[in-house]
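Residue numbers (the numbering used here), protein chains in the order written: chain D, -15 to 76; chain A, -15 to 76; chain U, 195 to 342; chain V, 195 to 342.
Virtual Cβ for every residue (Gly too), placed ideally from N, Cα, C.
Treat the numbers as computed from the prediction; the structure is a model and nothing was measured.
This report concerns only the one structure given below.
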Amino acid sequence: MIVEVLYFAEFKDITGKEKEKFEILDNNLEALLNILFEKYKLRSIIWDEKNQKIHSLISIIINNQAIHKKDPLLIDISDGDTIAFLLPVSGG
Amino acid sequence: MIVEVLYFAEFKDITGKEKEKFEILDNNLEALLNILFEKYKLRSIIWDEKNQKIHSLISIIINNQAIHKKDPLLIDISDGDTIAFLLPVSGG
Amino acid sequence: MHYNEDFVKSGIYNKGEIVLESIIKSVKANPKIKKVGSIHAFTGIVRDSSINGKPVARMKIDAYDELANKSIFEICERLKQEKGIMDVKIVHLKGEFELSEDLVYVVVASAHRKEGFDVISKAVDMYKKEIAVWKREDFNDGTSEWIH
Amino acid sequence: MHYNEDFVKSGIYNKGEIVLESIIKSVKANPKIKKVGSIHAFTGIVRDSSINGKPVARMKIDAYDELANKSIFEICERLKQEKGIMDVKIVHLKGEFELSEDLVYVVVASAHRKEGFDVISKAVDMYKKEIAVWKREDFNDGTSEWIH
């Protein structure tokens, strides 16, 4: 299935893109993270090594809705989903 | 001697004027008040009958300076002075 | 002191002589603008009811210009001494005003927003108490009252 | 709902798309304007130093428009429920900004000034915490940092 990832702030600077489509085989977030971490230096920002889950300060947004689970295996994704990982906001 | 009186707010409405020159004979405010009270219905606004002095809430301004005495006999005026009686302010 | 052409002096103006935009433009032309992070603006306008609920049809503002200009200048200078405050402008209009027309502008430029919010609220309290300006409310029933 | 041509929607705009004047004009076109006695405006601009004093040369603002617009809408609707508040507008710009350029506008219209000062300060606190917008400070020394 195909999902689209939106990049903001650091993520945009690191990837050099605003958004990008990925083909993944499993219907959970882990499959996507593996591809992302292989392609870009994003692991240290997104991944909490100690607790083996997504960092608590990262907001996971799927189809413009916040997801509150942090274990990628528990986060289902479907074909056509739009996904974003957000660092804490800082309005002007 | 000649003094000029400036009218603001109620005073302007009551006198129908912005300012007016008066000739007075004595060099204190009482002489001016007598003329003013004779010409316009200003006595009830300016004069504190009970205490026989200028109402405490009236500011007396001579040549753009506030005068803190309220007994008109004690307030000296000179030829060419500009005098105003002000009610409490009310900015927009 | 040398000012550029955008400079707006605080004080009493006739209705129609000045708009908020010019005052903000003047604040932005202040040489200290690089230190500013927030610009706060207050506009007082004519409301359709007096403080005790009486319907208001229009309003008149009278001012003793020399005295009011002196007090406005003093308020601005005093508040510009406060920490983190780069500019303070107070412009009060006078004349006859219809409902919703602008009566007064206060603009404050500050390094950080906290100080700016504090000082603009203080500036409004001060001009309302200290400057030689009076308002007359003309009510819907044809009567009028100078407010004190 | 029918809006007149002056209507400005709160939300994320590109730098240069909108000015404070238009937002105030929109607030003045609100049908409830007759009940309004004060209009409060906050403008956030680029300051020449970061919160810890590092010299800033310019700034970049990025936004997740759909999310940010949703949060901005919710903040405005929530605050418009407060007593005496007739209108609340939040406009956040995005793009690349030089020193002293406008980044964000908040405009609040209230019956009385006290409520207006309270709500505009609340609105600023809320947008800073709740909307999906990020700023990158580009320092004089050539380094950059996204602020979180």
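I want to verify the contact list: residues of chain U whose CB lies under 7 Å from the CB of Glu(-6) of chain A, in sequence order.
Start at 1 with the first residue of the second sequence, and residue -6 of chain A comes out as number 10. In chain order: Trp340.
Sorted by chain position, which residues of the same chain lie with C-beta nearer than 7 Å to Ile217 of chain U's C-beta, five sequence neighbours on each side aside?
On the third sequence, position 23 is the one that residue 217 of chain U refers to. If we look at Ile217 of chain U and ignore the five residues flanking it on each side, its Cβ neighbours are Val202, Lys283, Val285, Tyr299 and Val301.
Sort A:Glu33, A:Thr(-1), A:Ile44 and A:Gly75 by Cα distance to Ile67 of chain A and report the nearest one.
Your numbering for residue 67 of chain A matches position 83 in the second sequence. Nearest C-alpha to Ile67 of chain A: A:Ile44.
Quick check: what's the CA-CA separation for Lys3 of chain A versus Tyr207 of chain U?
Locating residue 3 of chain A in the second sequence gives position 19, counting from the first residue. Locating residue 207 of chain U in the third sequence gives position 13, counting from the first residue. If you take the alpha carbons of Lys3 of chain A and Tyr207 of chain U, they lie about 19 Å apart.
Taking all protein chains shown into account, do 16 or more other C-beta atoms lie within 10 angstroms of the C-beta of Pro225 of chain V, making it buried, or fewer, making it exposed?
Within the fourth sequence, numbered from 1, the residue matching residue 225 of chain V stands at position 31. Looking at its Cβ environment, which holds fewer than 16 other Cβ atoms inside 10 Å, Pro225 of chain V is exposed.
From which residue to which residue does the beta strand (DSSP E) around Met253 of chain U run?
Indexing the third sequence from 1 puts residue 253 of chain U at position 59. Start and end: Val250 to Ala257.
Which term fits Asn246 of chain V, buried or exposed, when burial requires 16 or more other beta carbons within 10 angstroms of its beta carbon?
Within the fourth sequence, residue 246 of chain V is the residue found at index 52, counting from 1. Exposed, because fewer than 16 other Cβ atoms sit within 10 Å of the Cβ of Asn246 of chain V.
Can you list the residues of chain A that Tyr258 of chain U reaches, using a CB-CB cut of under 8 Å?
Within the third sequence, numbered from 1, the residue matching residue 258 of chain U stands at position 64. Per Cβ cutoff of 8 Å: Leu(-10), Phe(-8), Ile45, Ala68 and Leu70.
The alpha helix (DSSP H) enclosing Lys323 of chain U, as first and last residue numbers
Translated into positions along the third sequence, residue 323 of chain U becomes position 129. First-last of the alpha helix (DSSP H) with Lys323 of chain U: Arg307 to Glu324.
Got a sec? Which residues, its chain only, sit under 6 Å from Lys219 of chain U by beta carbon, not counting five neighbours each side?
Here residue 219 of chain U refers to the residue found at position 25 when the third sequence is read from its first residue. Cβ within range, chain order: Asp200.
Distance check for Lys25 of chain D and Ser240 of chain U, CA to CA, integer angstroms please.
Looking up residue 240 of chain U in the third sequence gives position 46. Looking up residue 25 of chain D in the first sequence gives position 41. Strictly speaking, residue 240 of chain U in this sequence is Val, with Ser absent from that position. Cα-Cα distance, rounded: 58 Å.
Less than 7 Å between the beta carbons of Ile212 of chain U and Ser265 of chain U, yes or no?
If you number the third sequence from 1, residue 212 of chain U lands on position 18. If you number the third sequence from 1, residue 265 of chain U lands on position 71. No; because the gap between Cβ atoms is not below 7 Å, this pair is not in contact.
Have a look at Asp65 of chain D and Ala223 of chain V and give me their C-alpha separation to the nearest angstrom.
Within the first sequence, the letter at position 81 stands for residue 65 of chain D. Within the fourth sequence, the letter at position 29 stands for residue 223 of chain V. Using only the alpha carbons, I get a separation of about 40 Å.
With a cut-off of 7 Å, does the C-beta of Ser40 of chain A fall near any C-beta of chain U?
In the second sequence, the residue the question calls residue 40 of chain A occupies position 56. It does not; no Cβ of chain U falls within 7 Å.
Distance between Asn263 of chain V and Asn48 of chain D (C-alpha atoms, nearest Å)
Residue mapping note: residue 48 of chain D aligns to position 64 of the first sequence, counting from 1. Residue mapping note: residue 263 of chain V aligns to position 69 of the fourth sequence, counting from 1. Computed Cα separation, rounded: 11 Å.
Would you say His234 of chain V faces chain U, with C-beta separation under 7 Å as the test?
Residue 234 of chain V sits at position 40 when you count from the first residue of the fourth sequence. For His234 of chain V, the answer is yes, since a Cβ of chain U falls inside 7 Å of its Cβ.
Under the assumption that His39 of chain D contacts Ile30 of chain D (Cβ atoms under 8 Å), give the Cβ distance between them as a whole number of angstroms.
Numbered from its first residue, the first sequence carries residue 39 of chain D at position 55. Numbered from its first residue, the first sequence carries residue 30 of chain D at position 46. Indeed they touch by this definition, with Cβ atoms about 6 Å apart.
Helix, strand or coil for Ser244 of chain V? Go by DSSP, reduced to three states.
For this step, residue 244 of chain V is matched to residue 50 along the fourth sequence. Three-state DSSP puts Ser244 of chain V in coil, outside helix and strand.
Local Cβ density within 10 Å of Glu(-12) of chain D, reported as buried at 16 or more and exposed below that
Numbered from its first residue, the first sequence carries residue -12 of chain D at position 4. The residue is exposed, with fewer than 16 neighbouring Cβ atoms inside 10 Å.
Which residues of the segment 303 to 319 of chain V have a Cβ closer than 9 Å to any Cβ of chain D? Give them in chain order.
Val318
Contacts of Ser74 of chain D in chain V (Cβ-Cβ under 8 Å):
The residue labelled residue 74 of chain D in the question sits at position 90 within the first sequence. Near Ser74 of chain D (Cβ distances below 8 Å), the residues of chain V are Lys322, Val327, Trp328, Lys329, Trp340, Ile341 and His342.
Coarse secondary structure for Glu14 of chain A, derived from DSSP in three states
Here residue 14 of chain A refers to the residue found at position 30 when the second sequence is read from its first residue. In the structure shown, Glu14 of chain A sits in a helix (DSSP, three-state: H, G or I).
Is there a Cβ of chain V sitting closer than 7 Å to that of Asn48 of chain D, yes or no?
Working through the first sequence from its first residue, we reach residue 48 of chain D at position 64. Yes, its Cβ sits closer than 7 Å to a Cβ of chain V.
Run through DSSP, which three-state label would Thr(-1) of chain A get?
The residue given as residue -1 of chain A occupies position 15 in the second sequence. Helix at Thr(-1) of chain A.
Could you work out which residue in U:Val327, U:Lys229, U:Glu295 and U:Leu297 is closest to Gly238 of chain V when comparing CA atoms only?
Translated into positions along the fourth sequence, residue 238 of chain V becomes position 44. Cα-wise, what sits closest to Gly238 of chain V is U:Lys229.
Among U:Glu292, U:Asp256 and U:Cys270, which one has its Cα closest to the Cα of Met280 of chain U?
As a position in the third sequence, residue 280 of chain U is number 86, starting the count at 1. Closest option to Met280 of chain U, Cα to Cα, is U:Cys270.
Any chain V beta carbon closer than 7 Å to Gly210 of chain U
Counting from one through the third sequence, the residue named residue 210 of chain U turns up at place 16. Cβ-Cβ to chain V under 7 Å: no for Gly210 of chain U.
DSSP state of Phe201 of chain V, grouped into three classes?
For the purposes of this step, residue 201 of chain V is taken as residue 7 along the fourth sequence, with counting starting at 1. Coil at Phe201 of chain V, not helix or strand.
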